[in-house]
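J.: Here's a structure for you.
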Amino acid sequence: MAASWNFMRVVHYSKTVLSQGVQIGGITSDLGHALSRTITSSFVAKTPTSNTVELLGKAYPRDDYSNVTEKILSKVGKNLHNQRYHPLWLIKERIKDHFYKQYIGRFGTPLFSVYDDLSPVVTVEQNFDRLLIPQDHPSRRKGENYYMNHIHMLRAHTSAHQWDLMHSGLDAFLVVGDVYRRDTIDSSHYPIFHQMEGVRLFSNHELFSNIKDGESLQLFEQGHRTAHKQETHTMEAVRLVEFNLKQVLTKLVTNLFGDGLEIRWVDCYFPFTHPSFEMEINFQGEWMEVLGCGVMEQQLVNSALQIFGYSLYIRRYPWMLISVDHFCRLQMDADQRFLSKPLSKYPPVINDISFWLPSEKYSENDFYDLVRTIGGDLVEKVVLIDKFTHPKTKKVSHCYRITYRHLERTLTQLEVNRLHRAIEESAVQELGVEGRF
1 MAASWNFMRV
11 VHYSKTVLSQ
21 GVQIGGITSD
31 LGHALSRTIT
41 SSFVAKTPTS
51 NTVELLGKAY
61 PRDDYSNVTE
71 KILSKVGKNL
81 HNQRYHPLWL
91 IKERIKDHFY
101 KQYIGRFGTP
111 LFSVYDDLSP
121 VVTVEQNFDR
131 LLIPQDHPSR
141 RKGENYYMNH
151 IHMLRAHTSA
161 HQWDLMHSGL
171 DAFLVVGDVY
181 RRDTIDSSHY
191 PIFHQMEGVR
201 LFSNHELFSN
211 IKDGESLQLF
221 EQGHRTAHKQ
231 ETHTMEAVRL
241 VEFNLKQVLT
251 KLVTNLFGDG
261 LEIRWVDCYF
271 PFTHPSFEME
281 INFQGEWMEV
291 LGCGVMEQQL
301 VNSALQIFGY
311 SLYIRRYPWM
321 LISVDHFCRL
331 QMDADQRFLS
341 KPLSKYPPVI
351 NDISFWLPSE
361 KYSENDFYDL
371 VRTIGGDLVE
381 KVVLIDKFTH
391 PKTKKVSHCY
401 RITYRHLERT
411 LTQLEVNRLH
421 RAIEESAVQE
431 LGVEGRF
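For the sequence shown, position 106 matches number 106 in full-length UniProt numbering, and the numbering has no gaps at all.
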């Protein structure tokens, strides 16, 4: 039996033994060329001419699924969570230290092992199929992910490594890494962020050894699936795993945020856990989802006899700990400017762009990727402010408001106009839109 959980970003799981896991995530970004005194874009949105995608010393043949951009590829391999004293490294070490001290194995060594250098390139099978995510699930769409081709992709979550690690014989581990999802552009979203995932598996003895008359209790039964349990799990086992899972997570967030934290649990759905829960905390007077978790679907761990498990991932804690409004745009900067530069207090420059959509195959995330590629981190936010359908032609028009802001100085309208024109031209050439400029 297994459980899982996740923190939302300011950043989203069992053997035949009972198991638990944790995943922590946060949004990342970089200063890119925004710190340059001359406002130019070193990335041009253009159709790739090579037949392969080159990354981390390997070549992946392109096909009709390939959609990863050069801008994104340039960020892969930074491994900021492993760069000493980077905020992501500091948070990772804080959580790792908590698990090392709280959970000790039978020989006095840490119960959880840590994997923080696994390749971000995974197979579609690892990212989706092995986690029981249906073929028609929206999370598989090209518009939501970065595909190398129809076989390989940049991982959308550290859960992509879960099945392999469990079936290699591990029963307690943490996985840390950068993950990639196509997303909107604003101060709290970036297509690259970080997660930490944890999994723990329990045997019948481990789960019931401290329970009165526990030797008579069992992990499994041939029953029926309900809102509270899977068909193969006993209610006694589910209740104990759920209690253990929530206790582990409560201790973790208390360690991160301090005592006196107001917490509540909300029932939810994940394809790879049942039952599933989200933790919300009262942050600055508002309830905020910070993690998701649940008892892992037994199918994920059936190769390990008599084991039950759960897992979790955390998504939103980094900015809350560091209290930086522009944490997302700053995280991907690996040098000391992250710690020494103040946040931008310079005024924004706002330009609108509108165009008629092509008849088919238009994705908003394609436009967001194009804007990121050309504007880099000078682009603070992109908002769809208007949709219009022509009453006669039925053509659809979108109008987006783009907010530009430099982190070190005031931008001029002339500088922004150059970038904005480049975005307009590329949108026409690469996305097939008809400009209304």
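Where is the CB? At the ideal position from N, CA and C, for every residue including glycine. Since the model is a prediction, treat every value here as computed from it, not as a measurement.
Could you check where the beta strand (DSSP E) with Ala172 kicks off and where it finishes?
T.: Taking the first residue of the sequence shown as 1, we reach residue 172 at position 172. From DSSP, the beta strand (DSSP E) with Ala172 extends over Ala172 to Tyr180.
J.: Mind reading off the beta-carbon distance from Thr403 to Glu380? Whole number of angstroms is fine, and I expect it under 8 angstroms.
T.: Position 403 of the sequence shown, counted from the start, is the residue given in the question as residue 403. Position 380 of the sequence shown, counted from the start, is the residue given in the question as residue 380. Their Cβ separation, rounded to whole angstroms, is 5 angstroms, which keeps Thr403 and Glu380 in contact under 8 angstroms.
J.: Apply the 10 Å Cβ neighbour rule to Pro134 and answer buried if 16 or more other Cβ atoms are within range, or exposed otherwise.
T.: Stepping through the sequence shown from its first residue, residue 134 is reached at position 134. Exposed.
J.: By alpha-carbon positions, which one of Pro120, Phe270 and Thr389 ends up nearest to Val76?
T.: Locating residue 76 in the sequence shown gives position 76, counting from the first residue. With distances taken between Cα atoms, Val76 lies closest to Pro120.
J.: Val179: which of Ile423, Met153, Leu201 and Ser203 sits nearest, CA to CA?
T.: Counted from its first residue, the sequence shown places residue 179 at position 179. Closest option to Val179, Cα to Cα, is Met153.
J.: Return the first residue and the last residue of the beta strand (DSSP E) that Ile211 is part of.
T.: One-based indexing of the sequence shown puts residue 211 at position 211. Taken as a continuous stretch (DSSP letters only), Ile211 belongs to no beta strand (DSSP E), as it is neither H nor E.
J.: Looking at the secondary structure, which residues open and close the beta strand (DSSP E) in which Ile72 lies?
T.: Looking up residue 72 in the sequence shown gives position 72. Note, Ile72: premise wrong, no beta strand (DSSP E); alpha helix (DSSP H) at Glu70 to Leu73.
J.: Leaving aside the five residues before and after Glu221 along the sequence, list all residues of the same chain whose C-beta is less than 6 angstroms from its C-beta, in chain order.
T.: Stepping through the sequence shown from its first residue, residue 221 is reached at position 221. Contacts found: Thr234.
J.: Going by DSSP in three states, Arg200 sits in which element: helix, strand or coil?
T.: Taking the sequence shown and counting its residues from 1, the one referred to as residue 200 is at position 200. The answer is strand: DSSP assigns Arg200 an E or B state.
J.: Identify whether Gln195 lies in helix, strand or coil by the three-state DSSP scheme.
T.: Looking up residue 195 in the sequence shown gives position 195. Three-state DSSP puts Gln195 in a strand.
J.: With a threshold of 16 other CB atoms inside 10 Å of the CB of Ala227, please say whether the residue is buried or exposed.
T.: Residue numbering aside, residue 227 sits at position 227 when the sequence shown is read from its first letter. Under this definition Ala227 is an exposed residue.
J.: Where does Glu262 land, buried or exposed, given buried means 16+ other C-beta within 10 angstroms?
T.: For this step, residue 262 is matched to residue 262 along the sequence shown. Label assigned to Glu262: exposed.
J.: Under 8 angstroms by Cβ, that's how I've got Val416 and Asn351 pegged, so tell me the actual separation to the nearest angstrom.
T.: By 1-based counting over the sequence shown, the position of residue 416 is 416. By 1-based counting over the sequence shown, the position of residue 351 is 351. Rounded, the Cβ-Cβ distance is 6 angstroms, consistent with contact.
J.: Could you tell me which whole alpha helix (DSSP H) segments of length 4 or greater appear in the region 376–435?
T.: Complete alpha helix (DSSP H) runs here, min 4: 413–431.
J.: Where does Lys392 land, buried or exposed, given buried means 16+ other C-beta within 10 angstroms?
T.: Numbered from 1 along the sequence shown, position 392 holds the residue referred to as residue 392. Lys392 is exposed by the Cβ-count criterion.
J.: My parser needs the beta strand (DSSP E) runs of 3 or more residues fully inside the region 210–272; what are they?
T.: Runs found: 263–270.
J.: Around the Cβ of Arg181, are there at least 16 other Cβ atoms within 10 angstroms (buried) or fewer (exposed)?
T.: Start at 1 with the first residue of the sequence shown, and residue 181 comes out as number 181. Buried, since its Cβ has 16 or more Cβ neighbours within 10 Å.
J.: What does DSSP give as the partner residues of Ile104 in its beta bridges?
T.: To locate residue 104, count along the sequence shown from 1; it is residue 104. BP columns for Ile104 point to Pro110.
J.: Thinking just about the alpha-carbon of each residue, which of Pro271, Lys395, Asn145 and Ile423 is nearest to the one in Pro191?
T.: Within the sequence shown, numbered from 1, the residue matching residue 191 stands at position 191. Nearest C-alpha to Pro191: Asn145.
J.: Measuring CA to CA, which of Asn244, Leu411 and Phe257 is closest to Ile95?
T.: On the sequence shown, position 95 is the one that residue 95 refers to. Closest by alpha carbon: Phe257.
J.: Keeping to the same chain, check which residues put their C-beta closer than 7 angstroms to that of Ile151; ignore five residues upstream and five downstream.
T.: As a position in the sequence shown, residue 151 is number 151, starting the count at 1. Here the set comprises Thr123 and Val124.
J.: With Ala156 and Gln126 assumed to form a contact (beta carbons below 8 angstroms), what rounded beta-carbon distance in angstroms separates them?
T.: Numbered from its first residue, the sequence shown carries residue 156 at position 156. Numbered from its first residue, the sequence shown carries residue 126 at position 126. No, Ala156 and Gln126 are not in contact; Cβ-Cβ is about 10 angstroms, not under 8 angstroms.
J.: For Val199 and Gln162, which I take to be in contact (beta-carbon distance under 8 angstroms), what is that distance rounded to the nearest angstrom?
T.: Stepping through the sequence shown from its first residue, residue 199 is reached at position 199. Stepping through the sequence shown from its first residue, residue 162 is reached at position 162. About 6 angstroms; that satisfies the 8 angstroms criterion.
J.: Mind listing, in chain order, the continuous beta strand (DSSP E) runs of no fewer than 3 residues lying wholly within the region 79–166?
T.: As far as the region 79–166 is concerned, its whole beta strand (DSSP E) runs of at least 3 residues are 113–115, 121–123 and 152–154.
J.: Quick check on the burial criterion: 16 or more other C-beta atoms within 10 angstroms. Buried or exposed for Val68?
T.: Numbered from 1 along the sequence shown, position 68 holds the residue referred to as residue 68. Val68 should be labelled buried.
J.: Please say whether Phe99 and Leu174 have beta carbons closer to each other than 8 angstroms?
T.: One-based indexing of the sequence shown puts residue 174 at position 174. One-based indexing of the sequence shown puts residue 99 at position 99. Closer than 8 angstroms, so yes.
J.: Can you tell which of Gly294, Val396, Phe283 and Glu206 has its C-alpha closest to the C-alpha of residue 454?
T.: What the structure shows of the chain is the stretch from 1 to 437, and residue 454 is not part of that stretch, so it cannot be assessed.
J.: Taking DSSP as the reference, what is the three-state secondary structure of Gly25?
T.: Residue 25 sits at position 25 when you count from the first residue of the sequence shown. Because the pLDDT of Gly25 is 37, which lies under 50, any placement of that residue in the model is unreliable, and the question is left without a value.
J.: Note down the Cα distance separating Asp136 from Met279, rounded to an integer number of angstroms.
T.: Counted from its first residue, the sequence shown places residue 136 at position 136. Counted from its first residue, the sequence shown places residue 279 at position 279. When rounded, the distance between both Cα atoms is 27 angstroms.
J.: Starting from Val301, trace the beta strand (DSSP E) both ways and give me its first and last residue.
T.: As a working mapping, residue 301 is identified with position 301 in the sequence shown. First-last for Val301: undefined, no H or E at that position.
J.: Starting from Ile185 and walking both ways along the beta strand (DSSP E), at which residues does that stretch end?
T.: The count along the sequence shown starts at 1 and reaches residue 185 at position 185. Looking at the DSSP string, Ile185 is not in any beta strand (DSSP E), and its letter there is neither H nor E.
J.: Suppose you measure from the CA of Thr410 to the CA of Asn51; what does that come to, to the nearest Å?
T.: Taking the sequence shown and counting its residues from 1, the one referred to as residue 410 is at position 410. Taking the sequence shown and counting its residues from 1, the one referred to as residue 51 is at position 51. Those two C-alpha atoms are separated by around 41 angstroms.
J.: With Pro61 as the anchor, note down where its beta strand (DSSP E) starts and where it stops.
T.: In the sequence shown, the residue the question calls residue 61 occupies position 61. Start and end: Lys58 to Pro61.
J.: Quick check: what's the CA-CA separation for Leu73 versus Asp267?
T.: Here the question's residue 73 lines up with position 73 in the sequence shown. Here the question's residue 267 lines up with position 267 in the sequence shown. Looking at the two C-alpha atoms, the distance is approximately 37 angstroms.
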